[in-house]
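Heads up, the thing below is written out as structure tokens.
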Amino acid sequence: MTDKKSLENPFPGLRPFQSDEEHLFFGRENQTLELLQILRDNRFVGVIGTSGSGKSSLVRCGLLSELYGGAFLDAGTDWEVAVMNPGGGPFNQLSKALVNADIYDAEEDDIHLKLNATLRRSRLGLVEAIRQANLPEGTNFLLVVDQFEEIFRYSETGEEEGEAADDFIAMILEAAKQTNVPVYVIITMRSDYIGDCSKFEGLPEEINDGEYLIPRLTREEYKSVIEGPIKVGGGKLAPRLLQRLLNDIGTEADQLPCLQHALMRTWDAWADREGAEELDLEDYRAIGGMGKALSIHADEIFGTFKKESTKDTATKMFRAITEKGDDNRGIRRPLRLQQLADITNKSIDEVKRVIEPYRQPGVTFIMPPTSRELEPNTVIDISHESLMRVWQRLRNWVEEEAQSARVYRRLVDTSSLWKKGEAGLYHDPDLQIAQSWRDQYEPNNSWADLYGG
Ligand SMILES: Nc1ncnc2c1ncn2[C@@H]1O[C@H](COP(=O)(O)OP(=O)(O)O)[C@@H](O)[C@H]1O
Ligand SMILES: [Mg+2]
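In the working numbering, the protein residues as written are 11 to 463.
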């Protein structure tokens, strides 16, 4: 028997599949073809589905690997693809994505400044940037804006950022509309944000024209999602575990991320189990089963932080990179490492100490993966927002953070009213509440910036 430990775990865990993981990506063959068909007919496509329904994976892995493989229009059509998430500033993220895709040269002086200036110049900014890149004749450009919903946050905060959201959306719509330069745009968006699109002129119309609502996997498709990667990875699956997994999937939200995480953990448990031939029920039980595996695993890592100050850093860090609006929708808030150090009042090294164990292979709760060194301006993000719902401890933190933000916003409102003579100073109990809030959460300016300064 081959040494199991030398086999690579074929399950990515909470993060989406990437374009070089096509050999591990199962269950979406039909959907990929349907999506390609829509992209043939529309230059702007919205891929819509609930959180965790597999949008990012379908686009980043299923669709992109087909495109790179030449499955579009006439054979020989080349594609340049830039993939971005708008959180962290849409224009900055786009300019980074263009450089990452090698459409622009990372070595060129001030490349990000120049690109940002080109992009922001007018509605035709993206078209201009692609034109200036001088792509070879016959090359199409595709921009993937994953987690598009992150952009809506900007329209709610400061004026300048609100404008950036407006301008960015106008720019990508324009790019898909003009026909001089072959630009295609795909956005992925959570269905609970679909109503927010109407805040932006022209966006609902474009989504109506090119929409792909992601279907739920069938039982057969789930079967191949489980069996396929195990086979490719060189493992063996006990039929009774397959049955058990299929029965445990259920119909609740987060089935796909929970299944994916449980499979990654079960594989590791099997690899560690002396003499085990097949991934079996006992491996699955050892990790806590589908319902609990994720919460247990995330807690286990938190439990390795022995010092109070490290726990405090982790608490503040997770509270900063997650957000819950008044409407109860949990959303990620990707932030740069430097911002996290400022918000938590800790050194970069201290923040890294809590991030590292959460982004190791076999864990992947936080992005980027360990293949990328953490720099002060690296954007730190949770791998999937299901972590905010399924990890009980984080759920509580998110709740506390939302409450803390409410106390703060009320304080800001009252103080500006007071300046205009329209409100009095706080007295008890409000004063007491505000003071104990300050003592408990130690808010600083960097934290306050998250909530409009
Ligand atoms: N076809 C698939 N097979 C197995 N796991 C999948 C598949 N598609 C997505 N997943 C997993 O489900 C979770 C959510 O996927 P993701 O693509 O991020 O969804 P969304 O973008 O809709 O939130 C991730 O853990 C991902 O690895
Ligand atoms: Mg996604």
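Every residue gets a Cβ at the ideal spot worked out from N, C-alpha and C, and that includes glycine. Every value quoted in this text rests on a predicted model; they were computed, and no experiment measured them.
query                                                                                                                                                                              : result
Suppose contacts are defined by Cβ-Cβ distances below 8 angstroms. Is residue 24 in contact with residue 393 by that definition?                                                   : yes
In chain order, which alpha helix (DSSP H) runs of at least 4 residues are fully inside the segment 34 to 100?                                                                     : 39 to 51 and 74 to 78
Given 7 angstroms as the limit, tell me if residue 394 has its C-beta closer than that to any heavy atom belonging to ligand 1.                                                    : yes
Between residue 363 and the rest of its own chain, which residues show a CB-CB distance below 7 angstroms, the 5 nearest in sequence each way excluded?                            : 320
Anyone know if the C-beta pair for residue 155 and residue 182 falls short of 8 angstroms?                                                                                         : yes
Classify residue 413 as buried or exposed, calling it buried when 16 or more other Cβ atoms lie within 10 Å of its own Cβ.                                                         : exposed
Is any heavy atom in ligand 1 found nearer than 7 angstroms to the beta carbon of residue 61?                                                                                      : yes
May I ask whether a heavy atom of ligand 2 can be found less than 7 angstroms away from the beta carbon of residue 26?                                                             : yes
Taking the alpha-carbon of residue 462 as reference, which of 30, 80, 55 and 164 has the nearest alpha-carbon?                                                                     : 164
Using the DSSP secondary-structure output, state which residues sit across from residue 152 in a beta bridge.                                                                      : 91 and 194
Quick one: which unbroken beta strand (DSSP E) runs of 3-plus residues sit fully inside the segment 371 to 420? Chain order, please.                                               : 389 to 392
In the DSSP assignment, what are the bridge partners of residue 345?                                                                                                               : 390
What residues are listed by DSSP as bridge partners for residue 503?                                                                                                               : Given that the chain is displayed from residue 11 to residue 463, the structure contains no residue 503 and the question cannot be resolved.
Does the beta-carbon of residue 106, which I'm using as the reference point, lie nearer than 7 angstroms to any heavy atom of ligand 2?                                            : no
Between the Cα of residue 64 and those of 34, 26, 79 and 42, spot the shortest distance and give me the residue it belongs to.                                                     : 26
Comparing the CB of residue 35 with every heavy atom of ligand 1, is any distance shorter than 7 angstroms?                                                                        : yes
Would you grab the beta carbon distance between residue 56 and residue 221 for me? Rounded to a whole angstrom, and I think it's under 8 angstroms.                                : 5 angstroms
Based on Cα-Cα distance, which residue from 199, 192, 421 and 403 lies nearest to residue 311?                                                                                     : 403
What number of angstroms, rounded off, separates the C-alpha of residue 85 from the C-alpha of residue 146?                                                                        : Bear in mind that the predicted position of residue 85 carries a pLDDT of just 45, short of 50, making it too unreliable to give a figure here.
For residue 351, which of 371, 388 and 161 has the nearest alpha-carbon?                                                                                                           : 388
What did DSSP end up calling residue 203 once you bin it into helix, strand or coil?                                                                                               : helix
Suppose you measure from the CA of residue 315 to the CA of residue 308; what does that come to, to the nearest Å?                                                                 : 12 angstroms
With a threshold of 7 angstroms on Cβ separation, who are the neighbours of residue 204 within its own chain once the five nearest residues in sequence on each side are excluded? : 58
Hey, out of 358, 355 and 334, whose CA is closest to residue 405's CA?                                                                                                             : 334
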